[in-house]
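Accompanying notes for the structure given below.
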Amino acid sequence: MDPIIGIDLGTTNSAVAYLSEQEPEIILNALGGRLTPSIVGIDEAGVVLVGAAARELQVVRPDRCVSLFKRWMGSDRTVTLGGRTLTPEELSGFVLRSLKADAEAFFQKPITRAVVTVPAYFNDQQRKATIAAGRIAGLTVERILNEPTAAAIAYGFQGADENKIVLVFDLGGGTFDVSVVEQFDGTLEVRSSAGETSLGGEDFTRTMAARVLESVGLPFERAEATLPLVVSRVLQQCERAKCQLSREATATIRVPDGTGDLVNGKEVIVTREQLEKWVAPILARIEQPIRRVLADARLTREKIDEVILVGGATRMPLVVQRVRDLFGREPRGRLNPDEVVALGAAVQAGLVERNAAVNDLVVTDVSPFTLGIEVSKEFQSETKSGYFDPVIDRNTVIPVSRMKRYTTMQPNQTSIMVKIYQGESRRVGENLLLGEFEVQGIPAGPRGQEVDVRFTYDLNGILEIEATVVATKKMISHVIARHAKGLSEASIRKAVRDMEKLKAHPRDETRNHYILTRADRLYKELSAEHRRFLGSLIDGFEAALESREPETIERYREGLEDFIAEFDASNDDPTGNSDE
Ligand code: AMP
3 MDPIIGIDLG
13 TTNSAVAYLS
23 EQEPEIILNA
33 LGGRLTPSIV
43 GIDEAGVVLV
53 GAAARELQVV
63 RPDRCVSLFK
73 RWMGSDRTVT
83 LGGRTLTPEE
93 LSGFVLRSLK
103 ADAEAFFQKP
113 ITRAVVTVPA
123 YFNDQQRKAT
133 IAAGRIAGLT
143 VERILNEPTA
153 AAIAYGFQGA
163 DENKIVLVFD
173 LGGGTFDVSV
183 VEQFDGTLEV
193 RSSAGETSLG
203 GEDFTRTMAA
213 RVLESVGLPF
223 ERAEATLPLV
233 VSRVLQQCER
243 AKCQLSREAT
253 ATIRVPDGTG
263 DLVNGKEVIV
273 TREQLEKWVA
283 PILARIEQPI
293 RRVLADARLT
303 REKIDEVILV
313 GGATRMPLVV
323 QRVRDLFGRE
333 PRGRLNPDEV
343 VALGAAVQAG
353 LVERNAAVND
363 LVVTDVSPFT
373 LGIEVSKEFQ
383 SETKSGYFDP
393 VIDRNTVIPV
403 SRMKRYTTMQ
413 PNQTSIMVKI
423 YQGESRRVGE
433 NLLLGEFEVQ
443 GIPAGPRGQE
453 VDVRFTYDLN
463 GILEIEATVV
473 ATKKMISHVI
483 ARHAKGLSEA
493 SIRKAVRDME
503 KLKAHPRDET
513 RNHYILTRAD
523 RLYKELSAEH
533 RRFLGSLIDG
543 FEAALESREP
553 ETIERYREGL
563 EDFIAEFDAS
573 NDDPTGNSDE
């Protein structure tokens, strides 16, 4: 049987892992990196770039690249790149296809099955969109796994004999998730989950960029509309500076002039203290989900034995300090916070394929939000609609199937509209509409005719609804909620066909292409003297590529790589992260 891979499809970075005989391991990408930036670009030649190469292109051609599209999963937002309109499912599909290719290169055989992680707080639409992204990439998603659960699995896998209550604190690029997990006798039981789908490190970067631009007299929104290249460079510099401020007290950001040229830009020095003051109001938003997750698990902070940090943004000292203050203990971060989710997904993949290494592990998870339908209520003689009636309460162990009986409110009412919502408010207006359908064929008669509605929530966190008219015992519909948003079956099939038509770089050329894009970008930012030298190296490399002789290509590529590495070392990498 072909192996199943574990994929962390992240907002900022993605990673792929597999379960070896002993433990989960990360699979390297075509550039030898452990993380692949979740960035997609289409270059001038119409070729799709994913990962570090797209990140390079993004700095000089932000109009041809897109990142953070995980935040649009399950919505109908699209983006146009190089004349092509792409859905978030297709964009995620590109990232998944690139990770699939890395796994295929590693195993030397086709890979068609994966466990893919999502934020615990992803709703039904966002989960379905993730499964669709997998299909577009040629992957069957065997299981959708919640990210904090994946992290708990990666830790639990190593200390399966311990009994304890763990809180997983997962602050990534775009989402915040928190889960309470009880570990006992080889079982991992998620007791509760909560979170926010729009809170993460990218918000810190954007806030920082806004403040830096303001300090040189450029309001962020105006700059975004009129000087996209400047904003793109400042964002990239702030991303680097933010990470630098996790290690050092100050960082310098160069704001380019109006043309986006770095040479005559202004320098802004930001201290760690300043950054912490700017991001504190955003970080404060972690507190409510933490309160909720503890209340739902019926625990106080003191009962938590261990706090596990997951997600790149937990590298910020301020975040670690907040966690320390909140729980009165030192959080644990033994596993790399960027990799732990993919590692957990690989263990889950092992569970799906019944790999001997994970025989004894049992994992249970919960539904992180309440699911129910809209009902009307009678107040004396008045009927008011718009109330939410829960069918499955939040933090119920999944899989779960619950039934509730409803009755007609009018005489001779022969149909009812079932509107399915997710959320915690008493009023449906404040909750999220997941779908609706009509139950017909109710016998005419007095009010009070009965209809049973059953909600089934599967292991992937995906919902199915059935409705039965009690009098006729006939199940009217076996309905999978029709979604207000998201791709239809026909659009998924079309996306699969389109994906096959699109040009992508052969995997073995990725490294060459990446180096060339990076060198090109560096060239634009160098002084005349350095430029001449780099220019000759680029010419040589291009000629070598034309020659198609592997040894010549490698020799010239190494020359270029050495130059870039030397330049990065002496300039603290002004062109951005080189930390693949
Ligand atoms: P993830 O989604 O888990 O890959 O997390 C990505 C987020 O972590 C991005 O917003 C990064 O800027 C942030 N991040 C990564 N490394 C650091 C660091 N050393 N200091 C601060 N933030 C970081």
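Residues in the sequence shown are numbered consecutively from 3, following the numbering used here. For glycine and all other residues, C-beta sits at the position ideal for the given N, C-alpha and C.
Contact test: residue i Cβ vs the ligand AMP heavy atom, cutoff 7 Å
i, result
"M405", "no"
"M419", "no"
"M477", "no"
"D104", "no"
"K279", "no"
"Q317", "Sequence inspection shows Arg at residue 317; the Gln mentioned does not correspond to that position. Yes, Cβ of R317 sits closer than 7 Å to a heavy atom of the ligand AMP."
"S248", "yes"
"T13", "yes"
"C245", "yes"
"E551", "no"
"D4", "no"
"G431", "no"
"E216", "no"
"L340", "The displayed chain sequence assigns Asp, not Leu, to residue 340. Within the cutoff, so yes."
"T207", "yes"
"E204", "yes"
Three-state class that DSSP yields for residue i in the structure shown
i, result
"K503", "helix"
"G12", "coil"
"K379", "strand"
"E568", "helix"
"V218", "coil"
"D391", "strand"
"V183", "strand"
"K2", "Limits of the chain in this structure are 3 at one end and 582 at the other, which puts residue 2 out of reach."
"E426", "coil"
"D460", "coil"
"M318", "coil"
"M477", "strand"
"L518", "helix"
"E432", "helix"
"V49", "coil"
"I28", "strand"
"T132", "helix"
"R115", "strand"
"E275", "helix"
"A469", "strand"
"I306", "coil"
"T416", "coil"
"I167", "strand"
"A486", "Confidence in A486 is poor, its pLDDT being 46 and thus under 50, which makes the residue's placement too unreliable to answer from."
Best match in the options for proximity to residue i [C-alpha to C-alpha]
i, options, result
"T119", "T151, T142, R137 and D126", "T151"
"L373", "Q424, T254 and T409", "Q424"
"E432", "G388, E198, A446 and V471", "G388"
"V349", "T13, G12 and E27", "E27"
"I6", "I271, R356, A469 and E502", "R356"
"V168", "F186, G346 and G175", "F186"
"P392", "E58, D307, R256 and E426", "E426"
"V471", "L434, R456 and G330", "R456"
"I418", "Q442, S403, R57 and K244", "Q442"
"E332", "V354, I306, K102 and D340", "I306"
"E511", "E544, T142, V257 and Q382", "E544"
"L353", "F159, A530 and I400", "F159"
"I566", "T519, P121, I464 and P552", "T519"
"L436", "Y157, K421 and E92", "K421"
Beta bridge counterpart(s) of residue i as assigned by DSSP
i, result
"Y408", "V453"
"K386", "K379"
"S94", "For S94, which the question treats as bridged, DSSP gives no partner whatsoever."
"V670", "Only positions 3 to 582 of the chain appear in the structure, and residue 670 is not among them; the question remains open."
"A17", "D10"
"P39", "N15"
"R256", "E269"
"D172", "D179 and V312"
"L373", "I394 and Q424"
"G437", "I422"
"V584", "Lying outside 3 to 582, the shown extent of the chain, residue 584 is not represented and no answer is given."
Taking only runs that begin and end inside the region 332 to 368, name each unbroken beta strand (DSSP E) of 3 or more residues, in chain order. 364 to 368
Complete runs of the beta strand (DSSP E) confined to the region 53 to 113 [at least 3 residues]: 67 to 69, 81 to 83 and 86 to 88
Output the residue ranges of the alpha helix (DSSP H) runs that lie fully inside the region 187 to 251 and measure 4 residues or longer, sorted by chain position. 203 to 217, 222 to 228 and 230 to 246
Only counting runs of 4 or more residues, tell me where the alpha helix (DSSP H) segments fall wholly within the region 278 to 302, in order along the chain. 289 to 298
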